[in-house]
Amino acid sequence: MLSNLGNILLFANVILSFSIIYNANKSLKTSSNVINKNIFQLSLIQSTLIIICFFTLIAAFIISDFSLVTVYQNSHSLKPLFYKIAGTWGNHEGSLLLWAIILTIFSFLFLIYNKDHPKKFRLLTLIVQNTLILGFLFFILFNSNPFSSLSPVPSEGLGLNPILQDPALAIHPPLLYVGFVGSSIYFSAAIASLISNYTEKSFSYSIKNWILISWCFQTLGILVGSIWAYYELGWGGFWFWDPVENASLLPWFAMTALFHSLIVFEKRNIFYFWVIILCLITFILSVTGTFLVRSGILNSVHTFASDPSRGLYILLFLSLMIFGSIFLLFKKYKNEDYKLNQNSKETFILINNWFMMFYLITVLLGTIYPIFTDALTDNKISVGPPFYNTIILPVVIIFLLFMAIGPKVKWIKNKFKDIKIYFYILLASCGLNFLIIFFFKSYSVLSNLILISAIFLILSSLIDLTNAIKKNKFDLARIISHASFGFLVLFIGLNNIFTIEKDYNIKLGETKKFENYSIKLQNLELKNFKNYQAVIGELEIKNVNLNRTNILKPEIRIYDNPRTLTYEASIKTSISKDYYLTMSNIDRSDYYNIKFQKKPLMMWIWVSVIMIVFGGFLRIFINAKHN
Amino acid sequence: MQNIIKIIIFLIFFFIISVFYISLTRETNYDTSNLINKKITEFKVINADETGFYTRDDLKKNDFTLINFWASWCAPCKVEHPILMRLSKSKKLKILGVNFKDKDKQAKKFLSDLGNPYDFLAKDINGKQSVSLGIYGIPESILINNELLIMQKFVGPLSLDDYNKIEELIK
Numbered sequence: 174m175l176s177n178l179g180n181i182l183l184f185a186n187v188i189l190s191f192s193i194i195y196n197a198n199k200s201l202k203t204s205s206n207v208i209n210k211n212i213f214q215l216s217l218i219q220s221t222l223i224i225i226c227f228f229t230l231i232a233a234f235i236i237s238d239f240s241l242v243t244v245y246q247n248s249h250s251l252k253p254l255f256y257k258i259a260g261t262w263g264n265h266e267g268s269l270l271l272w273a274i275i276l277t278i279f280s281f282l283f284l285i286y287n288k289d290h291p292k293k294f295r296l297l298t299l300i301v302q303n304t305l306i307l308g309f310l311f312f313i314l315f316n317s318n319p320f321s322s323l324s325p326v327p328s329e330g331l332g333l334n335p336i337l338q339d340p341a342l343a344i345h346p347p348l349l350y351v352g353f354v355g356s357s358i359y360f361s362a363a364i365a366s367l368i369s370n371y372t373e374k375s376f377s378y379s380i381k382n383w384i385l386i387s388w389c390f391q392t393l394g395i396l397v398g399s400i401w402a403y404y405e406l407g408w409g410g411f412w413f414w415d416p417v418e419n420a421s422l423l424p425w426f427a428m429t430a431l432f433h434s435l436i437v438f439e440k441r442n443i444f445y446f447w448v449i450i451l452c453l454i455t456f457i458l459s460v461t462g463t464f465l466v467r468s469g470i471l472n473s474v475h476t477f478a479s480d481p482s483r484g485l486y487i488l489l490f491l492s493l494m495i496f497g498s499i500f501l502l503f504k505k506y507k508n509e510d511y512k513l514n515q516n517s518k519e520t521f522i523l524i525n526n527w528f529m530m531f532y533l534i535t536v537l538l539g540t541i542y543p544i545f546t547d548a549l550t551d552n553k554i555s556v557g558p559p560f561y562n563t564i565i566l567p568v569v570i571i572f573l574l575f576m577a578i579g580p581k582v583k584w585i586k587n588k589f590k591d592i593k594i595y596f597y598i599l600l601a602s603c604g605l606n607f608l609i610i611f612f613f614k615s616y617s618v619l620s621n622l623i624l625i626s627a628i629f630l631i632l633s634s635l636i637d638l639t640n641a642i643k644k645n646k647f648d649l650a651r652i653i654s655h656a657s658f659g660f661l662v663l664f665i666g667l668n669n670i671f672t673i674e675k676d677y678n679i680k681l682g683e684t685k686k687f688e689n690y691s692i693k694l695q696n697l698e699l700k701n702f703k704n705y706q707a708v709i710g711e712l713e714i715k716n717v718n719l720n721r722t723n724i725l726k727p728e729i730r731i732y733d734n735p736r737t738l739t740y741e742a743s744i745k746t747s748i749s750k751d752y753y754l755t756m757s758n759i760d761r762s763d764y765y766n767i768k769f770q771k772k773p774l775m776m777w778i779w780v781s782v783i784m785i786v787f788g789g790f791l792r793i794f795i796n797a798k799h800n
Numbered sequence: 269m270q271n272i273i274k275i276i277i278f279l280i281f282f283f284i285i286s287v288f289y290i291s292l293t294r295e296t297n298y299d300t301s302n303l304i305n306k307k308i309t310e311f312k313v314i315n316a317d318e319t320g321f322y323t324r325d326d327l328k329k330n331d332f333t334l335i336n337f338w339a340s341w342c343a344p345c346k347v348e349h350p351i352l353m354r355l356s357k358s359k360k361l362k363i364l365g366v367n368f369k370d371k372d373k374q375a376k377k378f379l380s381d382l383g384n385p386y387d388f389l390a391k392d393i394n395g396k397q398s399v400s401l402g403i404y405g406i407p408e409s410i411l412i413n414n415e416l417l418i419m420q421k422f423v424g425p426l427s428l429d430d431y432n433k434i435e436e437l438i439k
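Below, the structure written as structure tokens:
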């Protein structure tokens, strides 16, 4: 029953998309300046139906309707309700439906919120966006239909992948998707702007907030994914430079470059084509990321049964998008003649963009290079953290310095009056850095430079803040985001430098000592849970100097179905540090291998990212108030 | 000049898309054809009862050796087991089983339940030796001759076709 309902709703959406395109096209030819009312209505119905369609799928997951293949493969009647619902978008088919929803809702919202812009531009955006929607609807209907039915109906579902049953991972995909798919709307707008020659700076108002919204969600999505990796994957890191992670980082660089260069376009009416190119690149990268993750070409070693038709469809879609955009761009491209003063805000923002492009190209190369060598030379290589660290880290130093100075530079022409103050700030940063070394320990030259530049950015932002408060005219959103980025780099740096890691084989009752800590394995307990058994260790971590103790309880879990062993880290978070402990058994012995890590300032890394996003939301709020 | 840039940009994208397409249509299992006719240079695995090692010299004594990597916890290993039993009847071919990351008790039970096709039985408790032999996942099997040249490598469970191929190769 739900299967039929879902399919009908999907078909209805296809028809609605076609009729929106048809009506918009018809309305383009009329001379009146208002958009026909029925287009709004169709668009509203379209959004409503696709939401109902999604709720139909959620309902199927909640009532465990195993007549749907997707539900059968990805759910289980014993799953907690929360994970049944989260399971809706935790699989390929459901996540594509989520794509379609975001495409549709953004299409509707863009239509109703941009009344001040030319009719032709709005209608063309609607047409392009609906073409994208159609592309995805066809993919869903004919290749990855979440409503495919199964007969006879199985009595129980298959999926109960323990590692995915996690609150962070449940909200991770929707956040990331709003970012990924949200970029579609300014892709469509860019195409529409090219076709309709809408090159005035007012074009920037139509896309500004959409870029910020998608950027904020993308950042949050990446954050939640990192937090999940930190406490679930059990080695204490939160970023692997893994191709799937990189796929989410690539559009992020493009978005960040985009909303910075948009400031210039808005102010000075230059960089139009660069803005357009970035709009196009962002969504193209999002789709490329989806292609890389979904087609299975990245994790080739153990995929015995991946479905090549899926990848083929996305690739076809991607090629049409890329070549369509290139064709249009080449046709409309005019050389922009702008003379930039070296000391101007424009130049500094352009520098920001070059940095972003540098990061983007580095990560892109690292991600697709192994695919290339594999396809062309049969050589399997993998590009790991050393590549990214050596290339990106030194550049971050200069980037941070520019990030501190850039916002203070004036438009068009600038005289560096207050160069002295930067000198003092730099001196203070070095001083603070050496204080850290003096009180704690020394570290590499590169780390020194990174910390100094991070502190430099933080201090300049704080001085901006005090100055701004005095003049009562401040750009709070920017100051918060920039300062928080400085804090983020600082905390990651300090965390890397001061992490203590110890590895021991330990027996029940035994105590190990290092520095001013002692670890004792006090107790081992075997417990039976619903779908797994667990060996729970109880370890006492004692700080001898402060006479403070913490009890950590790492687990070894043995799941029944499928039979898998997982190691659950035990983490004690406090304001200044995290204790991170994992335990694994050693075959045929009474010893357990424990890995203890003391990771300072962990919490503040997450807080910094949240503050960066807060700055973004604040900007959206201020923009909305101004309009 | 501008046209040249346009063409280059177009070609770059075309190239990227083509490579994506090639990777998509390629066999996603890794290709083992380049291993064939290579010599095994290092080989030393401990035998199952931990009384000695099997080395290159032991392999040289046999006309043909099939090195099979298996474990009791590996379901596809059960699938290929009947094929191994059939192969074990061949006089020219010796089968060396490498028990991969397994428990002794369970491995023994596996063989007593399903039959023991192995002429030699070795084990690799932490999986290190197997990985150095280029094993990605199990089951995998390597067919070598008395000169220690790799004649064929089989990824995944042996099928009836693989059986015929082996019979053909050792004729």
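In order, the protein sequences belong to chains A and B. Numbered per this note's numbering, the first sequence spans residues 174 to 800. Numbered per this note's numbering, the second sequence spans residues 269 to 439. Glycine included, every Cβ here is placed at the ideal spot set by N, Cα and C.
Along the chain, where does the beta strand (DSSP E) containing residue i start, and where does it finish?
| i | result |
| --- | --- |
| Trp-777(A) | Counting along the chain, Trp-777(A) falls outside any beta strand (DSSP E), though it belongs to the alpha helix (DSSP H) covering 775-799. |
| Val-708(A) | 705-716 |
| Gln-420(B) | 418-423 |
| Gly-365(B) | 361-368 |
| Tyr-322(B) | 321-323 |
| Trp-341(B) | That residue, Trp-341(B), is in no beta strand (DSSP E); it is neither H nor E in DSSP. |
What did DSSP end up calling residue i once you bin it into helix, strand or coil?
| i | result |
| --- | --- |
| Lys-745(A) | strand |
| Leu-513(A) | coil |
| Lys-202(A) | helix |
| Pro-555(A) | Contrary to the premise, residue 555(A) reads as Ser rather than Pro in this sequence. Correct three-state label for Ser-555(A): coil. |
| Ala-232(A) | helix |
| Met-756(A) | strand |
| Tyr-506(A) | coil |
| Ile-384(A) | helix |
| Tyr-386(B) | coil |
| Leu-411(A) | According to the sequence provided, residue 411(A) is Phe. The question's Leu does not apply to it. The answer is coil: DSSP assigns Phe-411(A) none of H, G, I, E or B. |
| Glu-318(B) | coil |
Strictly below 9 Å CB to CB, what residues from chain A border residue i?
| i | result |
| --- | --- |
| Lys-391(B) | Result: empty, since nearest Cβ-Cβ is about 12 Å, beyond 9 Å. |
| Thr-281(B) | It is Phe, not Thr, that sits at residue 281(B) in the sequence shown. Here the neighbours are Ser-492, Ile-495, Phe-496, Ile-499. |
Using a Cβ cut-off of 8 Å (strictly closer), state whether residue i contacts chain B.
| i | result |
| --- | --- |
| Leu-488(A) | yes |
| Phe-315(A) | no |
| Ile-155(A) | Chain A is shown from 174 up to 800; residue 155(A) falls before or after that span and cannot be answered. |
| Ser-468(A) | yes |
| Phe-572(A) | no |
| Phe-360(A) | no |
| Phe-426(A) | no |
| Phe-503(A) | yes |
I want to verify the contact list: residues of chain B whose CB lies under 7 Å from the CB of residue i, in sequence order.
| i | result |
| --- | --- |
| Ala-548(A) | Val-287, Ile-290, Ser-291, Arg-294 |
| Gly-666(A) | Residues of chain B passing the Cβ test: none, with the nearest at roughly 35 Å. |
| Leu-485(A) | Leu-292 |
I want to see whether chain A comes within less than 8 Å of residue i, judged by CB atoms only; does it?
| i | result |
| --- | --- |
| Tyr-431(B) | no |
| Lys-362(B) | no |
| Ile-277(B) | yes |
| Phe-378(B) | no |
| Lys-274(B) | yes |
| Glu-436(B) | no |
In chain A, what lies closer than 7 Å to residue i by C-beta?
| i | result |
| --- | --- |
| Phe-332(B) | Near Phe-332(B) there are no residues of chain A at all, since even the closest Cβ is about 27 Å away, more than 7 Å. |
| Phe-321(B) | Simply none; closest approach about 20 Å. |
For a contact meaning CB atoms closer than 8 Å, what does residue i contact in chain B?
| i | result |
| --- | --- |
| Phe-121(A) | No information on residue 121(A) is available, as it lies outside the stretch 174 to 800 that chain A covers here. |
Can you pull the chain B residues whose beta carbon is under 9 Å from the beta carbon of residue i, in chain order?
| i | result |
| --- | --- |
| Phe-279(A) | The premise fails here: Phe-279(A) is roughly 26 Å from chain B at the closest Cβ pair, so nothing lies under 9 Å. |
What residue does the alpha helix (DSSP H) around residue i start on, and which one ends it?
| i | result |
| --- | --- |
| Glu-674(A) | Premise fails: Glu-674(A) lies in the beta strand (DSSP E), 673-679, not in any alpha helix (DSSP H). |
| said: Please give the ranges of any alpha helix (DSSP H) in the stretch 317-386 of chain A, keeping only runs that are unbroken, at least 4 residues long and fully inside the region. | reply: 340-369, all fully within the stretch 317-386 of chain A.
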